[in-house]
Every structure is written in structure tokens, then in C-alpha cells.
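Asks: Counting the sequence shown from 1 gives a position; my numbering is that position plus 667. Glycine included, every Cβ here is placed at the ideal spot set by N, Cα and C.
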Amino acid sequence: MIRFENVTKRYRGTSKPALSGVDFEVQRGEFVFLVGASGSGKSSCLRLILREDVPSSGRVAVLGRDLRALANRKVPYFRRHIGSVFQDFRLLPSKTVYQNVAFTLQVTGSSRGFIQQAVPEALALVGLDGKQKRMPHELSGGEQQRVAIARALVNRPQILLADEPTGNLDPATSVGIMQLLARINAGGTTVLMATHEAAFVDQMQRRVIELKDGVMVRDETHGGYGDTSNIPRLAPEEVRGAAAAAALTAVQEVQRQTADLSVVRAALVDAQRRAAASGPSGDVPPSSAASSETARTAPSTSARPSAAAQSSVTTPNPDDESVDAPTAPGTRPIVLPAVDVAELGVADRLGLSDADDEEVGPTS
Ligand code: ADP
Ligand code: MG
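1) Please name the residue, chosen from Thr857, Thr763, Tyr678, that lies closest to Lys798 on a Cα-to-Cα basis.
2) CB-CB under 7 Å to Gln811, same chain, minus the five flanking residues each way: which ones, in chain order?
3) Sorry if obvious, but does the Cβ on Ala861 come closer than 7 Å to a heavy atom of the ligand ADP?
4) Is there at least one non-hydrogen atom of the ligand MG closer than 7 Å to the beta-carbon of Glu831?
5) Assess contact between the region 875-895 and the region 688-708, defined as three or more Cβ pairs (one per stretch) separated by less than 8 Å. Is contact present?
6) I believe Ile826 touches Ile669 by the beta-carbon criterion, under 8 Å. Please report the beta-carbon distance rounded to the nearest angstrom.
7) Just to confirm, does Thr681 get its C-beta within under 7 Å of one of the non-hydrogen atoms of the ligand ADP?
8) On the three-state DSSP scale, how would you describe Arg670?
9) Please check the pair Val868 and Ala829, which I expect to be a contact at CB under 8 Å, by giving their CB distance rounded to whole angstroms.
10) Roughly how many angstroms lie between the CA atoms of Phe753 and Ala736, to the nearest whole one?
11) Less than 7 Å separating the Cβ of Tyr678 from some heavy atom of the ligand ADP?
12) By the 10 Å Cβ neighbour count, where 16 or more other Cβ atoms means buried, how is Ser777 classified, buried or exposed?
13) Measuring CB to CB, does Asn852 end up less than 8 Å from Arg747?
14) Where DSSP assigns a beta bridge to Leu806, which residues make up the other side?
15) Is the separation between the beta-carbon of Leu806 and that of Gly750 shorter than 8 Å?
16) Please identify the residue among Ala817, Ala704, Cys712 whose C-alpha is closest to the C-alpha of Ala769.
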């Protein structure tokens, strides 16, 4: 889904490269922490993924596209697949919460009907329903970041990039944001988060990629932060401890829900398969549940059934329509609030089902 191949980035006028020979691959559905001291190259990595910048050497591929080969005119379209949030929220100060979230959709030509449905749903997802008419300055920092997350998600991107999203927030508020990111990931969105919040990284036990002076020094599947001795401790110890404990509880709850949903989902797929085999359309191969589209865009998911099941539960993948046609009434296992992308016609609206999508090859 995201691949760095021997990526080096040198900024003009600097002697030392910001990134040197960075190599990693992120699969669909992963939650990855990008950690390292200030200046270690985290934001540079994220900018390369967004194609805000290009490597000096090496290759960056995202969603099957070699970004070096991506024509400039296609960059805005490409970025619609990627949501991003930043430490400083970057809201439009003179627009309401609703307008902030709606803005990108308006600029990219979404229909009014879609916007009127998608914006409240995105705000509900981040826990901000009822605050649509507020101005950013009337919100707390945590609420402002939630608006930014709603804005990043309203297009149902496949990837969410978060650059120090809790950097301006107090520990308790940060926990809520982490909990939200974990839920978003549990819904199938690939999340890459740059941070130096050691407590979260330790507690969440997700994959950690660590940079040091632009060099990747660690890639650990279930990592902690590593050596935290150089990290300034801004909050009192007990607050950090409480925040970390709360974060862990929240994440465990999300993991439990996800596991439950995976079981239901597996049963559902099985039932569909049997129905397809015995029904009048039994000549349809049961594996079409995953759809040839999915197979084409993400062959790796077949080897990772739990990730595929996760991503199906809340329908983040506009290509996967199978989930939205449960055969048994009452078994639809939606727990997390989610926009049904297929129903809303987002795929068509964004042109995802057209020629452009053919550029999305295997995750290379
Ligand atoms: P991090 O996000 O981990 O703090 P950055 O990716 O922002 O690190 O920066 C990595 C290195 O690249 C730093 O030494 C920084 O000063 C340098 N750098 C970042 N952006 C630029 C730029 N636009 N021009 C020159 N140097 C830059
Ligand atoms: Mg940075």
C-alpha cells in the first residue's frame, strides 16, 4: 500500500540528507507509528507519501502508483485517497465546523446531496455531532483536531496520515484522539502516524518504524517507543500513566470489537458463499465476494484474512461491495458508525471505478 525503496531525500542547501536509504512497506489495514526525535525525517516521509515532495533518489510507491511517474495533473486526484491531519489542525478559521469539513468536497465537485449526507456522518464518527455551527475558536484543541480528522475522512480515504496529531493536546485529550485513530484503523483505514508520544506507542503495541537522523533504525511489528531517555516529559508522571492506561483500555476495547466483528463477518461470507453455490446464480464463483477488483488492487489481503475482514466491516473500501449485500437479515455487523461508500456512490463520484483506478496495481 505504501512502499519506500531505498529512499534518500536531500533538501537544497543542506549538507546532510533528511532521509537516507529508507526502505519499508506498509500493508493495507496496518497501523504504523513513525517515531524519532525532532528532525529525524518523519514529516519528510509523510510529505513524500503525499507527493508534496519527491525523493532525491529511490522510489516511493503509494496505492500501486510510482509517485515519480505520477503526472502533476493527477496529483490532486491521487491525494483524494489519502487523508492527512497535522499537529496544528489547519482549520479554516472563518468557517464553521460544518464548512470546514464540507470545503474539500465542495472544491472537488461533490454533489450537494452527498455533502449533506457525508459531512454530518463524518462529524458523528469523530463525536462532534451537534457542533456543526461552531467556529474553530469556539472549540477546544481536541475538538479542533476532531474536525480536522472528520475533514480528512469525509472522502473515505484508504490511507490516513497523521503528523504529530496529539502534539498540541494535553494527555487526556490525546487519549481520545488515539482512541479515534484506533477505531478508524479498525474500520480498515491504513493509518501512519508520526509521533514522539512514547506512552501511546508503548501502550498500543503496533508496528513501529523508527528514524534517527534520516536513517531507519528499527521496524518492529509490535513495538514500543524504544529509548525514551531523550524525550522531554512535559506532563506529570501520574497524568502520563493515567493517560496511557486509558489509551490501552480504549485500544483493547477496539481490538475486542474488531475480533468479534471478524467472526461475524467470516460467518456472513460463508453464508453468502453457500447461498451463491446453491442459488440460481450458483455459477458465480464464491470468491467474487472479495471481487476481482479487490484481488487486483490488493493481492496481499488474501493472505491476511483478518485485515480483509476488518476492512470489510465498515466498508472503507469502495471496491468491496460484498459486505453490503448480506443474505441473512439482521446479521449486518456494523457497530462503528460508517459511511456506506458504495451506497453513496462515492466510488463513481470520485471516478474510482473508472480508468484511473487501473493504475492501482498490486501494492508495489
Ligand atoms: P521530523 O518531522 O522528524 O521532525 P523533518 O522531516 O521535518 O523531521 O526534517 C528532517 C530534516 O530535514 C531536518 O534536519 C530538517 O531541518 C530538514 N528539512 C525539513 N524540511 C526541509 C526543507 N524544506 N528545507 C531544508 N531542510 C528541511
Ligand atoms: Mg515533523
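Replies: Concretely, from the data shown:
1) For the purposes of this step, residue 798 is identified with residue 131 of the sequence shown, where counting begins at 1. Nearest C-alpha to Lys798: Thr763.
2) For the purposes of this step, residue 811 is taken as the residue at position 144 of the sequence shown. Phe756, Leu758, Pro803, listed in sequence order.
3) Taking the first residue of the sequence shown as position 1, residue 861 is located at position 194. Ala861 Cβ: within cutoff of the ligand ADP.
4) What you label residue 831 is simply residue 164 of the sequence shown in a count that begins at 1. Within the cutoff, so yes.
5) yes
6) On the sequence shown, position 159 is the one that residue 826 refers to. On the sequence shown, position 2 is the one that residue 669 refers to. The pair is a contact, with the Cβ atoms about 7 Å apart (cut-off 8 Å).
7) For the purposes of this step, residue 681 is taken as the residue at position 14 of the sequence shown. Indeed, a heavy atom of the ligand ADP lies less than 7 Å from the Cβ.
8) Along the sequence shown, read from residue 1 onward, the residue named residue 670 stands at position 3. It is a strand residue.
9) Position 201 of the sequence shown holds residue 868. Position 162 of the sequence shown holds residue 829. So it is not a contact: roughly 13 Å between Cβ atoms.
10) Here residue 753 corresponds to residue number 86 of the sequence shown, with the count starting at 1. Here residue 736 corresponds to residue number 69 of the sequence shown, with the count starting at 1. Taking the straight line joining both Cα atoms gives about 27 Å.
11) Taking the first residue of the sequence shown as 1, we reach residue 678 at position 11. Yes, the Cβ of Tyr678 comes within 7 Å of a heavy atom of the ligand ADP.
12) Start at 1 with the first residue of the sequence shown, and residue 777 comes out as number 110. Label assigned to Ser777: buried.
13) If you number the sequence shown from 1, residue 852 lands on position 185. If you number the sequence shown from 1, residue 747 lands on position 80. No. Outside cutoff.
14) Stepping through the sequence shown from its first residue, residue 806 is reached at position 139. In DSSP, Leu806 forms no bridge with anything.
15) Numbered from 1 along the sequence shown, position 139 holds the residue referred to as residue 806. Numbered from 1 along the sequence shown, position 83 holds the residue referred to as residue 750. No, these two residues do not count as a Cβ contact at 8 Å.
16) On the sequence shown, position 102 is the one that residue 769 refers to. Of the candidates Ala817, Ala704, Cys712, the one whose C-alpha sits nearest the C-alpha of Ala769 is Ala817.
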